[in-house]
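In numbering that gives the first Met the number 0, the protein residues as written are 0 to 177. First up is the structure itself, then whatever we jot down about it.
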Amino acid sequence: MQTNGKVLLTPRLILRPFEDRDAEAMFAIMSDDETTKYLRVNPYETLSQAQAWIDRCISEGDGEHFRRAVELKETGEYIGDVRVKINGKDNSGEIGFTVCREYWGKGVASEAVREVIAYLMGECGINRIAAAHSVKNPASGGVLRKVGMQYEGMARELYRNRIGYHDCHRYAILKSDI
Ligand SMILES: CC(C)(COP(=O)(O)OP(=O)(O)OC[C@H]1O[C@@H](n2cnc3c(N)ncnc32)[C@H](O)[C@@H]1OP(=O)(O)O)[C@@H](O)C(=O)NCCC(=O)NCCS
């Protein structure tokens, strides 16, 4: 998928490609025990893990992955990310997102995710975007419902991370839904 590093804007946010300067803020988020509790990755232990991930984002560009840093317009601060793994064959994607704990509950994730879905479906022709979240992580389900995704069922023990196996609720949105 060629999107040429497109920057997306929402009322409060700038969704832009990752830059080297994001490493420290990303590390702060990804090393937090609570924030990473339901992610597949273990909390980062070193800054170099954030640097390596950002290097990969920069070198891969927008191909199989559409990844954007979430920056707060007002302060220029990096406060999270949205990432979509694209399946070109099916013209679909799987979305994930993270927001800095200090900004939870302020509508940041839903504002960012809604814009990414609108862009990928409206301008890049993606037909379906899906997500799955642990049943223990209702905040994620709140975001998915708020952006208009429909519930598709529960997948038992879909993934395992450091706290164990996770039954997951699956959601998706189709281009024809919007
Ligand atoms: C999941 C996460 C991204 C949500 O970010 P957020 O910016 O706080 O989400 P929003 O403020 O946009 O919330 C959207 C909806 O979710 C619901 N919600 C938010 N937090 C919730 C919670 N703790 N419990 C239940 N529902 C919740 C609300 O209903 C909200 O809708 P409302 O604004 O109409 O009330 C954030 O908690 C996070 O980064 N968690 C750690 C990483 C993670 O788990 N990512 C998802 C992996 S699948």
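C-beta: ideal position from N, C-alpha, C; glycine also.
{"Asked": "Mapping DSSP to helix, strand and coil, what is Ile85?", "Found": "strand"}
{"Asked": "Note down, in chain order, each residue of its chain lying with its Cβ closer than 8 Å to the Cβ of Asp31, except the 5 sequence neighbours on either side.", "Found": "Pro42, Arg100"}
{"Asked": "Which value, in whole angstroms, describes the spacing of the CA atoms of Ile116 and Glu73?", "Found": "23 Å"}
{"Asked": "Cβ-heavy atom distance between Ser109 and ligand 1 below 6 Å?", "Found": "yes"}
{"Asked": "Which two residues bound the contiguous alpha helix (DSSP H) that contains Glu186?", "Found": "This structure does not reach residue 186, given that the chain is present from 0 up to 177, and the question cannot be answered."}
{"Asked": "Confirm, please, whether the CB-CB distance from Ile128 to Ile94 is below 7 Å.", "Found": "yes"}
{"Asked": "Is it true that the CB of Cys56 sits closer than 7 Å to the CB of Arg67?", "Found": "no"}
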